[in-house]
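Student: Chains as they are written, first to last, in the numbering used here: chain P, 8 to 217; chain G, 8 to 217; chain U, 6 to 338; chain A, 6 to 338. Heads up, the beta-carbon is just placed ideally off N, CA and C, and yes, glycines get one too. Before I ask anything, here is the structure I am working with.
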Amino acid sequence: MGLDVGWAVRWLTLSAQAMAEHRVELIELDRPIGDSDHGENMDRGFKAVMDKLAETPPETPAAALKLTAMTLMSKVGGAAGPLYGTAFLRAATALGEASDVDAATLAAALQAARDGIVARGKAESGDKTMVDAWTPAIEAAAAAAGDGDGDVRKVLLAAAEAAEAGAVSTDPMLARKGRASYLGERSIGHRDPGAVSSALILRAAAGAAE
Amino acid sequence: MGLDVGWAVRWLTLSAQAMAEHRVELIELDRPIGDSDHGENMDRGFKAVMDKLAETPPETPAAALKLTAMTLMSKVGGAAGPLYGTAFLRAATALGEASDVDAATLAAALQAARDGIVARGKAESGDKTMVDAWTPAIEAAAAAAGDGDGDVRKVLLAAAEAAEAGAVSTDPMLARKGRASYLGERSIGHRDPGAVSSALILRAAAGAAE
Amino acid sequence: MKKLINDPKAVVDESVEGFGLAHADLVTVFPDPKYIVRKVAPVAGKVGLVSGGGSGHEPLHGGYVGLGMLDAAVPGAVFTSPTPDQILPATLAVSSGAGVVHIVKNYTGDVLNFETAAELAQAEGVEIRTVLVNDDVAVQDSLYTAGRRGVGGTVLVEKIAGAAAERGDNLDAVAAIGDRVNQNVRSMGVALSACTVPHAGVPSFELEENEIEIGIGIHGEPGRHRIPMENADGITDRLLDPVVSDLGLASGDQVLLFVNGMGGTPQSELYIVYRRAAQKLAEQGVTVARSLVGNFITSLEMQGCSITVLRLDDEMTTLWDAPVHTPALRWGV
Amino acid sequence: MKKLINDPKAVVDESVEGFGLAHADLVTVFPDPKYIVRKVAPVAGKVGLVSGGGSGHEPLHGGYVGLGMLDAAVPGAVFTSPTPDQILPATLAVSSGAGVVHIVKNYTGDVLNFETAAELAQAEGVEIRTVLVNDDVAVQDSLYTAGRRGVGGTVLVEKIAGAAAERGDNLDAVAAIGDRVNQNVRSMGVALSACTVPHAGVPSFELEENEIEIGIGIHGEPGRHRIPMENADGITDRLLDPVVSDLGLASGDQVLLFVNGMGGTPQSELYIVYRRAAQKLAEQGVTVARSLVGNFITSLEMQGCSITVLRLDDEMTTLWDAPVHTPALRWGV
Ligand SMILES: Nc1ncnc2c1ncn2[C@@H]1O[C@H](COP(=O)(O)OP(=O)(O)O)[C@@H](O)[C@H]1O
Ligand SMILES: Nc1ncnc2c1ncn2[C@@H]1O[C@H](COP(=O)(O)OP(=O)(O)O)[C@@H](O)[C@H]1O
Ligand SMILES: [Mg+2]
Ligand SMILES: [Mg+2]
Ligand SMILES: [Mg+2]
Ligand SMILES: [Mg+2]
């Protein structure tokens, strides 16, 4: 059993809920090492995604993700807007026309999303960015997909858990990309807000598959 | 025994000391009902008077007061500068060439000072200004001078005490002149800074005659 | 108190010195007694314009010295009017024989010190006219007070009278247009926070996190009354309504709308206030023909703003548009 | 948080609307997607200039739209870079066929969003050049960071490149002069207090009464390090010295000295900083040929300042002096 457009819409809906719920937390994370806007930006962006989904209900998972990409790109701004925009766009392209996504395609789409973020932002692992949530996530997803039983939920759960651990792993890192990099040593000891929002989005993807 | 130029110089010196000592208090009084500068202005002005007295030692009491008038006029600024300037100028004129001031002349000089303040500032008694220190002061001085024993110290002590009481009497007044008048009802319950500095100056005059 | 200063007693000296260095092409600064004179002064045949007052209101007045506005500015200590020994030489320095206009904000100290200086100047043969600015509608019962204060309207009086002097109007004409501006201008201000006079070291008054002070002056003195915090539109209405009614504005009137920052308010907020004020005036049929938005007459780092409305006639509009070249206001040249 | 706002979410909308009302003679405001365009646009045959970035830095960038400077400005949410769907129509609106220059402050968000917009514009046949501004010497080891930030130098790049475009320079020439300004300009800032982003509601960082933050950016982000409060001359030295040494200034150099307020600092204090900086440069044999003092690139109501020094050559000086007519900068017209 794969993931259909209903899953995609639930994913985005749960993501929007998560951004609204964690808005203040993400602003607070962005305060000591950024400019206090990440939660506001993500909340505004996903609210706009909800409006768009209502306006033009998508027919395929890829269509849902593409619409999300365009909306985030045009509503989020900051660093996160283009990065998430690219991620969703590449994921949509990887899904193609499929109306039902299997585990292997799902893992490939997540990989495409991560690669998109790296292509745009040029961050490496350990730079204290959202990449530090996405890289372990796609590795875990690939492993789960490779298990052979083809359970998409397992793939998504593995990704979400790895992303959450990845977000936590940014605490001791010294930032080398994004606004936090200006702080040098003083960025150490804070969690990267983009890594946390990434983990929330991947957790929403898993939740949508329940 | 009258008051000579030595007394005048001691008066101004004690006044300068009083302004320095009460600088913060006068600023604080000017804060709720003014613009927080009265102590600073008076301290600056009397410091300049000290410099001038050292530069050109006066020969008569009137010369000392005239020099004070010109210096306050040019260094104090605000409302207090021209008012005190006029007061000292009129007092100097009233003293004339006398090298030794008797009780009657002294009382007349204080009266001239008060009249100068009223002429410049157009305040009446009860308007919550320095006039409320000066008017009782000159009345008490005139009474003491009229007593007949001609003791200038008694005249000055009477003036100082009355001025101090006059300053206290401004507490419940509603201001009708100067900056405090903008506050209307809210000026009630605060002591007028100019009345307090006037009482300090008159107390210094008495101290100088000890 | 955290300020970019060296010594509270040297604030005005050092600031005016820096001002002179930065604008040496426009002004000359005399340090003691302290006054600021337009680079070329006196201008032959021209009526001289002198203003001044306590420091802490920058760019007022030094920032308005130059072509088409003031010939000289006299800065006092912070929030303390200047003294006659500053005002007199400033007056003499800009006197070309055509007379000098003193533009004086209506505060007891300013009035008395300029009065003395005017007497002294007249004794030296310079004809003086005084334009008293008293546009602050926050002062009530002005018969029983020191009278209304001069606030935002001062900038407009200086600009328009300055343009009249620059085009060659005579002494009485320059004073008359200054008075006409004053009669047609009203202002009211609000403070969201107090300011700290450097030598005092503590704020002039205390406001709670949810309080604002309506009817504030420009000297860190408290205002007319204190109310709970409101939104920008509500505050704008509280400032604009008394201004409009005191001015007796009617549909069809043309005005200059001036939203002024008190020194510590971001420009973006001033435009939010401007937006509401412009919308309300438009609803009342009043045309905003000219506008000015920014920090033009301040109270150190106070957060807040004032709204000033000037009822324009054709001559005032022409004079407002006339070229001006000063450190703080410049156009047409 | 006390601000003259109605709704934290409407701050930029309402402020930009008010800005458009106040400056309707100079600019047109498009509300959604939001961008600000010079009244007459595109100017036939002229290279278009577009800049933009997060809001909260006013008058940057909207205040610099007009003759001799920007053709369009694109305001993002507060401290958040704008999005391609704003930048693209702004770019198209000012494209006359001669190409468009994007002036981009070096922040990841700004770079990525302008990059996307540039790709889209190029797909529509508009040639784009990007001038990246990164003048902030406070960012160290910039090889291992997102690179130096664009701060005060941005204003100078916009003015000088704008003048080049106005006199008819072609696309490559305008971009080249913009790059040349960027290569010759350095800045560093200090915060005495933090600022509060409206939607966050609390200050971006906390400073004790006796602490200041050196090397601050313009987004309320913390700076390079925190030190005990010092006097103005000491702080000025801490800002100026790294600027001078990074720029490699030598005796005989001509510079533009720009002392910028962060939004909540009185002008009088900026002149105290200017005084010290001008004196120090003079001691080093450096000639301050041009100066700029005021709030030109801000961080909401932050107290503090930045010092920017631009090493001038004759062409840059000529372009600096060229006429400019925008809401926030005006001369020669
Ligand atoms: N070059 C980059 N590559 C990947 N992620 C990045 C990069 N730069 C920033 N980020 C991510 O973006 C997040 C900040 O997003 P946001 O606050 O919305 O943007 P801004 O920094 O422009 O205010 C950071 O926490 C980080 O995870
Ligand atoms: N019209 C007036 N007549 C008499 N005294 C006045 C008048 N106006 C003000 N004062 C006195 O001046 C004092 C304020 O002096 P100061 O603070 O130095 O000047 P300013 O009000 O200009 O700041 C008041 O406390 C009051 O006693
Ligand atoms: Mg951020
Ligand atoms: Mg006072
Ligand atoms: Mg005063
Ligand atoms: Mg941001």
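Measuring from the CB of G/G41, is there a heavy atom of ligand 4 at a distance below 7 Å?
Tutor: Yes, Cβ of G/G41 sits closer than 7 Å to a heavy atom of ligand 4.
Student: Please list the terminal residues of the continuous alpha helix (DSSP H) segment that includes P/G214.
Tutor: Run containing P/G214: 200-215, per the alpha helix (DSSP H) assignment.
Student: Ligand 5 and G/G46: does any heavy atom of the ligand fall closer than 7 Å to the residue's C-beta?
Tutor: No; taking the cut-off as 7 Å, the Cβ of G/G46 has no heavy atom of ligand 5 nearer than that.
Student: Out of curiosity, what's the CA-to-CA distance linking U/V52 and G/A167?
Tutor: Cα to Cα, U/V52 sits roughly 49 Å from G/A167.
Student: Which same chain residues, not among the five before or five after A/T270, have their C-beta less than 7 Å away from its C-beta?
Tutor: Same-chain partners within the cutoff: Q308, G309, C310.
Student: Below 8 Å, how does it come out for the stretch 11-20 of chain P and the stretch 57-71 of chain A: are there three or more Cβ pairs, yes or no?
Tutor: Output reads no: the stretch 57-71 of chain A does not touch the stretch 11-20 of chain P.
Student: I need the boundaries of the alpha helix (DSSP H) containing A/M193, first residue and last residue.
Tutor: No alpha helix (DSSP H) contains A/M193, which is instead part of the beta strand (DSSP E) from 190-196.
Student: With three or more beta-carbon pairs closer than 8 Å as the criterion, would you say the stretch 204-221 of chain A touches the stretch 32-46 of chain P?
Tutor: Yes, the stretch 204-221 of chain A is in contact with the stretch 32-46 of chain P.
Student: Between A/A77 and U/P38, what straight-line distance do the alpha-carbon atoms span, to the nearest angstrom?
Tutor: Using only the alpha carbons, I get a separation of about 47 Å.
Student: Taking 7 Å as the cut-off, is the beta-carbon of P/R186 closer than that to any non-hydrogen atom of ligand 3?
Tutor: Correct: P/R186 has its Cβ closer than 7 Å to ligand 3.
Student: Give me the subset of the stretch 171-183 of chain A whose CB atoms are less than 8 Å from a CB atom of chain P, sorted by chain position.
Tutor: From the stretch 171-183 of chain A, no residue has a Cβ closer than 8 Å to chain P.
Student: Please indicate yes or no: does the CB of G/D134 lie closer than 7 Å to some heavy atom of ligand 4?
Tutor: Every heavy atom of ligand 4 is 7 Å or more from the Cβ of G/D134, so no.
Student: Could you check the C-alpha separation between U/P87 and G/D156 for me, to the nearest Å?
Tutor: Their Cα atoms are separated by approximately 45 Å.
Student: What would DSSP say about A/H230, mapped onto helix, strand or coil?
Tutor: Of the three classes helix, strand and coil, the one that applies to A/H230 here is strand, per DSSP.
Student: What residues of chain A sit near P/D178, judged by a beta carbon separation below 7 Å?
Tutor: By Cβ distance, chain A contributes nothing, its closest Cβ being about 18 Å from P/D178, past 7 Å.
Student: Quick one: is the Cβ of P/D122 within less than 7 Å of any heavy atom of ligand 1?
Tutor: No, Cβ of P/D122 sits at least 7 Å from all heavy atoms of ligand 1.
Student: To the nearest angstrom, how far is the alpha carbon of P/P200 from that of P/S188?
Tutor: For P/P200 and P/S188, the distance between alpha carbons rounds to 13 Å.
Student: Does the Cβ of U/K44 have 16 or more other Cβ atoms within 10 Å, making it buried, or fewer, making it exposed?
Tutor: Looking at its Cβ environment, which holds fewer than 16 other Cβ atoms inside 10 Å, U/K44 is exposed.
Student: Look at the Cβ atom of U/I348, then the Cβ atom of U/M193, and state whether they are nearer than 8 Å.
Tutor: Outside the displayed range of chain U (6 to 338) lies residue 348 of chain U, so it cannot be described from this structure.
Student: What residues in the stretch 137-164 of chain A have a beta carbon less than 8 Å from any beta carbon of chain P?
Tutor: Per Cβ criterion, the list reads A143, V144, Q145, D146, Y149, T150, A151, R154.
Student: If we cut at 8 Å on Cβ distances, does A/V353 have a partner in chain P?
Tutor: This structure gives no information on residue 353 of chain A, because the portion of chain A shown stretches from 6 to 338.
Student: What are the boundary residues of the alpha helix (DSSP H) that includes G/E192?
Tutor: G/E192 -> no alpha helix (DSSP H), and no H or E assigned at all.
Student: For U/N11 and chain G, any beta-carbon pair shorter than 8 Å?
Tutor: Not one chain G Cβ lies under 8 Å of U/N11.
Student: Give a yes or no on whether the minimum CB-CB distance between U/A15 and chain G is below 8 Å.
Tutor: No, U/A15 lies away from the interface with chain G (no Cβ there is under 8 Å from its Cβ).
Student: Does ligand 4 have a heavy atom nearer than 7 Å to the CB of A/D242?
Tutor: Every heavy atom of ligand 4 is 7 Å or more from the Cβ of A/D242, so no.
Student: Which residues in the same chain as P/L72 place their Cβ atom closer than 6 Å to its Cβ, once the five residues preceding and following it in sequence are excluded?
Tutor: Result list for P/L72: F95, A98, A99, in chain order.
Student: Applying the 10 Å Cβ sphere with the 16-neighbour rule, what's the burial state of A/G73?
Tutor: Result: buried.
Student: Show which residues of chain A have a CB atom less than 7 Å away from the CB atom of P/M26.
Tutor: Ordered by position in chain A, no residue passes the 7 Å Cβ test against P/M26, which lies about 13 Å from the chain.
Student: Check whether the stretch 122-139 of chain A touches the stretch 12-31 of chain A, counting contact only when three or more Cβ pairs, one atom from each stretch, lie closer than 8 Å.
Tutor: No: fewer than three Cβ pairs fall under 8 Å.
Student: Less than 8 Å between CB atoms is the rule here; does P/E47 satisfy it with respect to chain A?
Tutor: Yes, its Cβ sits closer than 8 Å to a Cβ of chain A.
Student: Which whole-angstrom value describes the C-beta separation of P/A148 and P/A114, a residue pair presumed to lie in contact below a C-beta threshold of 8 Å?
Tutor: Their Cβ separation, rounded to whole angstroms, is 5 Å, which keeps P/A148 and P/A114 in contact under 8 Å.
Student: Sort out for me which residues DSSP pairs P/W18 with in a bridge.
Tutor: DSSP, once it has assigned bridges, lists no residue as partnering P/W18.
Student: Starting from U/Y296, find everything on chain A with Cβ-Cβ shorter than 7 Å and list it in chain order.
Tutor: Before going on, a small fix: residue 296 of chain U reads as Ser here, not Tyr. Those are A27, listed as they occur along chain A.
Student: Measure the alpha-carbon distance for G/M49 versus G/H29 and round it to whole angstroms.
Tutor: C-alpha separation (whole angstroms): 10 Å.
Student: Against chain G, which members of the stretch 68-88 of chain U pass a CB distance test of less than 9 Å?
Tutor: For the stretch 68-88 of chain U, which is checked against every Cβ of chain G, the residues closer than 9 Å are G81, A82, V83, F84, T85, S86, P87, T88.
Student: To the nearest whole angstrom, what separates the beta carbons of G/W141 and G/R127, a pair I think is in contact under 8 Å?
Tutor: Their Cβ separation, rounded to whole angstroms, is 12 Å, which puts G/W141 and G/R127 out of contact at 8 Å.
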